Amino acid sequence: MQKDQDEAKDVVQDAFTKLWERRDQVNEEKVKSYLFTTVHHKIIDNFRRGKRTETIEESNVNPSINQSSHDLSEILQEALDTLPEIQRSVILLRDYEGYNYEEIAELTALSLAQVKVYIFRGRQKLKNYLGSIEAVL
Numbered sequence: 002m003q004k005d006q007d008e009a010k011d012v013v014q015d016a017f018t019k020l021w022e023r024r025d026q027v028n029e030e031k032v033k034s035y036l037f038t039t040v041h042h043k044i045i046d047n048f049r050r051g052k053r054t055e056t057i058e059e060s061n062v063n064p065s066i067n068q069s070s071h072d073l074s075e076i077l078q079e080a081l082d083t084l085p086e087i088q089r090s091v092i093l094l095r096d097y098e099g100y101n102y103e104e105i106a107e108l109t110a111l112s113l114a115q116v117k118v119y120i121f122r123g124r125q126k127l128k129n130y131l132g133s134i135e136a137v138l
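Below, the structure written as structure tokens:
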């Protein structure tokens, strides 16, 4: 969910620090959920505060190179970038991380119905976006 790898490492480190500070309060069986939830909330906080900064590589991107590139991972990342943050989060948790709907609802503090709706709508947007890319390629 973070584009900058160093920033992502900082967020994960902060989550582990928070876990360590609250180690007596966190149930041992729910440590993984606690960490994912903490990281998720920290990333959303960073986006809301506008702390996303452009890296040097991103600022020197040549648009003609992007248009001619047919790298699947790059196209998928561009498609994911078109989604709202919450849809991107739940789709990544479901399809990339392999969480079930109930776990995603717990991690994101959404209802089960909301999770299903966000995943459905996000997949529809991805399908429409990738379909239009196929026409260009």
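Residue 2 is where the sequence shown starts when you use this note's numbering, and the numbers rise one by one after that. A virtual CB, placed ideally from N, CA and C, is assigned to each residue, including glycine. What you are looking at is a predicted structure, and each value in this text was computed from that prediction instead of being measured.
* Endpoints, the alpha helix (DSSP H) within which Val40 is located -> Going by DSSP, Val40 is part of the alpha helix (DSSP H) stretching over 32-50.
* Proximity below 8 Å, CB of Val1 to CB of Tyr119 -> Summary: the structure shown does not reach residue 1, with the chain confined to residues 2 through 138, and so no result is reported for it.
* For Tyr119, the three-state DSSP class (helix, strand or coil) -> Correct three-state label for Tyr119: helix.
* Integer Cβ distance of Leu108 from Thr18, believed to fall under 8 Å -> About 19 Å separates the beta carbons of Leu108 and Thr18, which is beyond the 8 Å limit, so they are not a contact pair.
* **For Tyr97, the three-state DSSP class (helix, strand or coil)** => Here Tyr97 sits in helix by DSSP.
* What's the C-alpha gap between Pro64 and Gln78? -> Because Pro64 sits at a pLDDT of 47, beneath the cut-off of 50, its placement in the model cannot be relied upon, and the following sentence gives the value as read from the coordinates. Taking the straight line joining both Cα atoms gives about 16 Å.
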